[in-house]
Every structure is written in structure tokens, then in C-alpha cells.
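Asker: Mapped onto full-length UniProt numbering, the consecutive letters of the sequence shown carry residue numbers 1 to 698. The beta-carbon is built from N, C-alpha and C at its ideal position, and this holds for glycine as well.
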Amino acid sequence: MVERNLYSWHSLLSAYCKEGQLDDAHKLFLKMPERNSVSWNTIISAFARNGHERKALEVYSLMNSQGFSPTHITLASVLSACGGLGELECGRVSHCAAVKYGLHKNVYVGNALLSLYVKCGCPSDALKAFRELDEPNEVSLTAMICGLVETNRVEEAFEMFRLMQRSGIRIDSVSLSSVLRVCAKGGGSNFGWNGETDGDLPNTQGKQVHGLTIKLGFDGDLHVCNSLLDMYAKNGDMESAEVLFGNLSETSTVSWNVMISGFGQNRDKERAMEYMKRMQGVGVEPDDVTYINMLAACVKSGDVENGRLIFDSMTCPSLISWNAILSGYSHNEDHLEALKLFREMQFRNQQPDRTTLAVILSSCSEIGVLECGEQVHATSLKYVFPGDVYIASSLIGMYLKCGRVEAALRIFNGLSQADIVCWNSLITGLSYNSLDKEAFAFFNKMLQMGMLPNEFSYATTLSSCTKLSSLPQGRQVHGLIIKGGYDNDVVVGSTLIDMYSKCGDVDGARVHFDMMPYKNTITCNEMIHGYAQNGRGDEAIFLYEDMICSGEKPDTVTFIAALTACSHSGLVDLGLKIFNSMQLQYGLEPLVDHYTCIIDCLGRAARFSEIEELVDKMPCKDDSIVWEVLLSSCRLHGNVTLARRAAEELIRLNPQNSAPYVLLANMYTSLGRWGDTEEIRAAMSERQVTKEPGFSWG
1 MVERNLYSWH SLLSAYCKEG QLDDAHKLFL KMPERNSVSW NTIISAFARN
51 GHERKALEVY SLMNSQGFSP THITLASVLS ACGGLGELEC GRVSHCAAVK
101 YGLHKNVYVG NALLSLYVKC GCPSDALKAF RELDEPNEVS LTAMICGLVE
151 TNRVEEAFEM FRLMQRSGIR IDSVSLSSVL RVCAKGGGSN FGWNGETDGD
201 LPNTQGKQVH GLTIKLGFDG DLHVCNSLLD MYAKNGDMES AEVLFGNLSE
251 TSTVSWNVMI SGFGQNRDKE RAMEYMKRMQ GVGVEPDDVT YINMLAACVK
301 SGDVENGRLI FDSMTCPSLI SWNAILSGYS HNEDHLEALK LFREMQFRNQ
351 QPDRTTLAVI LSSCSEIGVL ECGEQVHATS LKYVFPGDVY IASSLIGMYL
401 KCGRVEAALR IFNGLSQADI VCWNSLITGL SYNSLDKEAF AFFNKMLQMG
451 MLPNEFSYAT TLSSCTKLSS LPQGRQVHGL IIKGGYDNDV VVGSTLIDMY
501 SKCGDVDGAR VHFDMMPYKN TITCNEMIHG YAQNGRGDEA IFLYEDMICS
551 GEKPDTVTFI AALTACSHSG LVDLGLKIFN SMQLQYGLEP LVDHYTCIID
601 CLGRAARFSE IEELVDKMPC KDDSIVWEVL LSSCRLHGNV TLARRAAEEL
651 IRLNPQNSAP YVLLANMYTS LGRWGDTEEI RAAMSERQVT KEPGFSWG
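(1) Tell me whether Gly281 is buried or exposed, calling it buried when 16 or more other Cβ atoms sit within 10 Å of its Cβ.
(2) Once the 5 residues before and after His104 are set aside, which same chain residues still bring their CB inside 8 Å of it?
(3) Since Val572 and Ile599 are thought to touch, with beta carbons under 8 Å apart, how far apart are those beta carbons, to the nearest angstrom?
(4) With a CB to CB cut of under 7 Å and the five nearest residues on each side skipped, what residues in its chain are close to Ser178?
(5) Which of the three DSSP states is assigned to Ser632 in this structure?
(6) For Met63 and Trp40, I'd like the C-alpha separation in whole angstroms.
(7) Going by beta carbon distance, what residues of the same chain come within less than 6 Å of Arg83, once the five residues before and after it are set aside?
(8) My guess is that Ala272 and Lys234 are in contact by the Cβ rule of under 8 Å, so how many angstroms apart are they, rounded?
(9) From Val284 to Asp303, what does the alpha carbon distance come to, in whole angstroms?
(10) Can you tell me whether DSSP reads Phe218 as helix, strand or coil?
(11) According to DSSP, simplified to helix, strand and coil, what is Ser670?
(12) Identify the continuous alpha helix (DSSP H) that holds Cys465 and give its terminal residues.
(13) Under 7 Å Cβ to Cβ from Arg635, same chain only, skipping five residues before and after it: list those, please.
(14) Taking a contact to mean a Cβ-Cβ separation below 8 Å, would you say His52 touches Leu85 in this structure?
(15) Taking only beta-carbon atoms, is Gly302 less than 8 Å away from chain D?
(16) Out of Thr290, Ser609, Cys372, Arg267, which has the shortest C-alpha to C-alpha gap to Lys277?
(17) Less than 8 Å between the C-beta atoms of Val59 and Phe47, yes or no?
(18) Grouping DSSP H, G and I as helix and E and B as strand, with all else coil, what is His104?
(19) Please go through the same chain and pick out, in chain order, the residues whose beta-carbon is closer than 6 Å to the beta-carbon of Cys608, but skip the five residues on each side of it.
(20) Please report the distance separating the alpha-carbon of Ser240 from that of Gly246.
(21) Here's the rule I'm using: 16 or more other beta-carbon atoms within 10 Å means buried, otherwise exposed. How should Ile528 be labelled?
(22) For residue 743, does the three-state DSSP call read helix, strand or coil?
(23) In chain order, what residues of the same chain lie with their CB nearer than 7 Å to the CB of His26, ignoring the 5 residues before and after it?
(24) For Leu326, report the span of its alpha helix (DSSP H) as first-last.
(25) Taking its Cβ as the centre, do 16 or more other Cβ atoms sit within 10 Å of Trp674, making it buried, or is it exposed?
(26) Would you give the residue range spanned by the alpha helix (DSSP H) that Phe68 belongs to?
(27) Grab the span of the alpha helix (DSSP H) containing Met259 for me, first residue to last.
(28) How long is the line joining the alpha carbons of Leu631 and Ala296, rounded to whole angstroms?
(29) Check each candidate in Met398, Ala324, Met345 and name the one with the smallest Cα separation from Leu370.
(30) In three-state terms, what does DSSP make of Thr151?
(31) In whole angstroms, give me the CA-to-CA distance for Ser11 and Ile73.
(32) What do you reckon, are the CB atoms on Ile320 and Met294 nearer than 8 Å?
(33) Starting from Gln583, follow the alpha helix (DSSP H) in both directions and report where the run begins and ends.
Right under this line is the structure:
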């Protein structure tokens, strides 16, 4: 009689749960005269399935207190609830219970464990749980692929997909979509897909997965097709994305949004706008994501003005929209507008996130607005970001850019565990404040604490060695770079060349330059400049010509290095030829640095008539450095007429600067033109110009 009664209770409980009447189900459950594992499992799983995870855990706690042992269904539901709430510790306790009852190898419990650890950002724990499963299924493998992708362990995710194939486990649309995300993130190049092990571009793997999609009959699955579009777009292959999009039998708002986002990511605002118009033309209404993508397209294309128009048209902008437009202002160096908009964001009670605060702190850093940076720091504490390393690295950078070294060190020392970005921010900031010994000391401390440097750590530390003129320390860092496998990195390699050159070992710089497997304009520029600074102009020009012959396109920095080499080595005619080639051959407009170099080159050779022609044509007449170089050359060769013109231009630009007065007066004095000397002294007195210490009257 009792069994029959219990069966009736269960039937009614199950009916309430299936109808979603969970309050009634819970009241009925509490009235039951007797309960067994079926009763507990029914109510716990119902709560967990329907988004009442906290209630599911409460019932599970009651179950434990009444001495009932969980089954695989109980633990699968409880672990699912823990994952939904992000309750990692509670999940670990349930994991221990699964081991205690011998249920951790059950595929349902195992899959719930995988999902828990994935959602809590613990891929290593998820992998351990996966390896304990006796018979993993498509759910297990798909969960692992998703989790590894989410935590950027893309190569392991791709290998998991390969395991899925080798094991003959059914591949579904979810697993295909997950592995396409791997291809979009750059995974799979080292796992021999179709026998290839040469590090192909991620797009190659994506095309191979596309082929598998067609083979398995998923080419008509809209979800998979949208994932394919997303993969091509993120890999910058908009041509393939357009072909696929054009062949789709049906599209959704997601499909259009992916295309708009793809063109935006590739800085093609016009094509993004074209797709938005086409979308509306076929009767598909843009949603919030569409406008966010269009806003991002404008911002990434440098058109912040139109991006702002889109932003202002939004009735209630999302946090993503706020971050997009703020990032646009920051990246386009309109930092004041970014700060103004951030104040408006606060006025409209839009809560910032880590990205918002990092962007605003970057703007505060760039324009040195300490007060605003301190306010953002206070805001970060208000929204419970005190130990967030992402915010901490931005705060450290901001305080150091504003010269507040002690404040930056307080934040750094207050971190329970600083990541590599925080270390890099500190080392870079100390170097920025000319505290290069301290920067090098912190680099060593980072090594002692077992933190592995990255390319940014090495580049910054090498810059400190350069400023300290410490070749032994530079060589020590070079050894670590080789050991860490960063010697082929272009940025690190360029910094090494700069360090060796500025420390006087230009031959050492050349040895490293020749050993680099990949060279580009930046590395060539550093080597040319190294030769130029060390008075080896012929070798600098030989390398410059070799660079041109190899097809490497010179930039404005290349020409500064080459012109400096000509100036320091007296190669005047060659310098003029290189200067003129900037516009004629490469379409580059000479900047003030180029004019300064060629004027210095001509001035050293006393070719003043050519200098006069040049200064009459140059657009940068309001830059004092050009006239200072010219005045110095005139003084060297005794060209009083041109010296007077240069001095008058300098006085026009800065009437209170005593240097041009004194230099010109000294020239007159050396030539015995005492009347002109007195005239200049009188002019200084009349204009109340005070002679700066360090300048003599000759």
C-alpha cells in the first residue's frame, strides 16, 4: 500500500515539474510522507533545469542532512546547478561526493563535471575529469572543446576534435561550431590535419572543416553556416565569407550581423554599411547587435564622428556600445572627448566594467590627467575591482605615466598575485620615469619569482639596458631571450639591434641582424640607424640599398636613418639623392626630421645656397629645430647673413629664448663687428630677454 501511495506521489510531483509549476511541486515534495532517491532527484533536477540552481542546492543540502545517498542523476543535477551559479567550491565538494560513491566515471556525472569546470574557467580540472571517464561521448568531447576554446587553449581544443574523429564519435552541429571557433582563434596548425604540419594559417584548417561540414551534410544547417561565416570573417577572409553568404538558402539576423562585424573588423566601413542597407532592403530588421557592429566598424575605420552619430541614435546604449565608442576616442587620441563621455556615462548611471575603466585609465595616462585617474581608481574600488589584475595593470601604468611612482608601487605590492601584464606595466613605467636601474631590478625579481617574461618584458628591459649604456646587462638579457625562444621575434630583435648599437657594439648588432630569420623594415631601420650613429655611413648606405633591392619598402624612419648616415659621413650628394627620392619614388612627404637631417648634411659641407632654396620651399618653417641646426652650421662656417635669418626665425617663434641672440652676438664678436653685437644686446634689454646660464658672450 505504501509503495503504491509513493508511486502516486511521484506521478503528481513529476507532473508538476514537467508543467514548470515548481512552487507547487516543492510544496507537494515537503508534504510527502515518505521520500526515496526518485523523489529527491525529481525535485532537484527540476530546479536545476529551470534556472532555480540555488533552490536545487538547498534541497540537495536537505537530502544530505537526512542521510540519503546521491545517485548519478542527483550529482549530475547538483553539478549542473553549481556550474550555473559559478560555485566552484561547492562543485568541488560534489566532485568529492562523486568519487566517494564511485560515480565520477559515470558519463552523466562526468559531463556535468566538465561543464562545471569549464564554466568556472578551470580547463585543467576539466581535462582531469575527462580522462577519468570510461566512455566519453559527443557531449563530453563537445564540452571539452568549448571549454578549451573559451580559455584560449585552442591547440588542445583542436586535438580534442581530432580525438572525436579517431574515436568514431558522432560529430554534431555543436561540435562543428565549436571547432570552427578554434580555427577562428588560430588553433590546429600543429596537429597534422590532413598530414600538414607546416604551420598553415588558421583559415586553411577552417576551409578543411568547411569541407567536412559539407561531407557530413551540415552545409544546410544555419547555425553551422553562421559559425563558418564567423570563422572566415575573424580570419580576415571576407571573400570566402561573401561566397558562402551568397550561397545560403536562408539567412538570419545573425548571418547579416556576422558579415557586418567581419567588414568592421577589417576596417571596411563602406562594405559594412552596404550590408546593413541590403539587410534592411530584404526586410530583416537590424537589432542591437547590428548597430553595435556598425558602431565598431566606424570606430575601427577611424570614423569616430559617424560612430558617435550611431551611438547617439541608440535609445539605451548597452555597455558594449559605451566601450566601443570610448575605445574609438581613445585609439584616435581624442582623450578629452573620451573623458567627457565617461562622465556622461556615470551621469546616466551606466555601470562600467573592466574594459571601460582600462580604456579611461589609458586616456588619463596619455594626457597626464592624474585627478581623473584617481577618480577612476576610486570607481574601480566602488565596483569591487580592487584585486583585478587587468585593472591593476592599467592603474600602475596610469600612475607611472603621471609620475606617481609610489602610488604605482603600492598597487603592485598590494596584489596577491601579479600577472605578466602587471609586471610589464611596472617595468615599462619605471623606465619611462628614467628609473632604469629599478626597472632592471624588478625584471630580475620577476625571474626570481618564477614568472616567465614575454616579448614585451624583454623589449622594455633591453631599452633600460640601452639607457644605462650597460652592455653586460644587455648581453645577460640577450642570453635569456635565446633561452626563452624569443630571439626570432621581430620586436625583440629590433630592440636588441638598438641596444648593441647604442652601447657601441655595432658589430654585435650586425651579427644578431644577420642571424634573424625574418627581417622587415623595422629591423633594417634599426641596423641602418646603428651604423649611422656609430659613424659608419658607408655600411649604413650599403644596407639601405640592399634593403631597397630586396623589395623591402622604406618608410619615413628609414629615410631619417639613411639621411643621418649621409650627414655624419659627409655623403652630401647621396643624401640629396635619397631626400629627393622620398617624394619622387616612394610618395612620402618629408617631415621636419628629414628637413633637419638634409640641412645638417648640407650645412656641414657649407652648401648654403642649396640650404636657402630648401628652407624657402619647406612647409615646416614654424619648427625651431630646423633653424637651430641651420644656425649651428652658419656659426661653424661663419655665414653671418644666413645666421641672422635663422636667428630672426627662432626669435619669432620664441621671443624670450636667449640662445639665438647670444649665438648671433658671438658670431659678430668673433668677426670684430662690435656695433652689431651691441645692437643685439640692446634688443635683448629692450625685450627683457634674460641670458640663460651656460651661454657666454664669447
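Answerer: According to the structure shown:
(1) exposed
(2) His95, Ala98, Gly110, Leu113, Ala129, Glu132
(3) The pair is not a contact, with the Cβ atoms about 11 Å apart (cut-off 8 Å).
(4) Thr142, Ile145, Cys146, Val149
(5) helix
(6) 7 Å
(7) Contrary to the premise, residue 83 reads as Gly rather than Arg in this sequence. Cβ neighbours of Gly83 beyond the five flanking positions: Ser115, Leu116, Lys119.
(8) Wrong, their Cβ atoms sit about 15 Å apart, outside the cutoff.
(9) 26 Å
(10) coil
(11) helix
(12) 455–467
(13) Ala643, Leu663, Met667
(14) no
(15) Structure shown: chain D not included; a single protein chain is present.
(16) Thr290
(17) yes
(18) coil
(19) The question names Cys, yet the displayed sequence has Phe at residue 608. Contacts found: Asn639, Leu642.
(20) 10 Å
(21) buried
(22) No answer is possible for residue 743: the residues shown for the chain start at 1 and end at 698.
(23) Ile43
(24) 319–331
(25) exposed
(26) Looking at the DSSP string, Phe68 is not in any alpha helix (DSSP H), and its letter there is neither H nor E.
(27) 253–265
(28) 49 Å
(29) Met398
(30) coil
(31) 18 Å
(32) no
(33) 572–584
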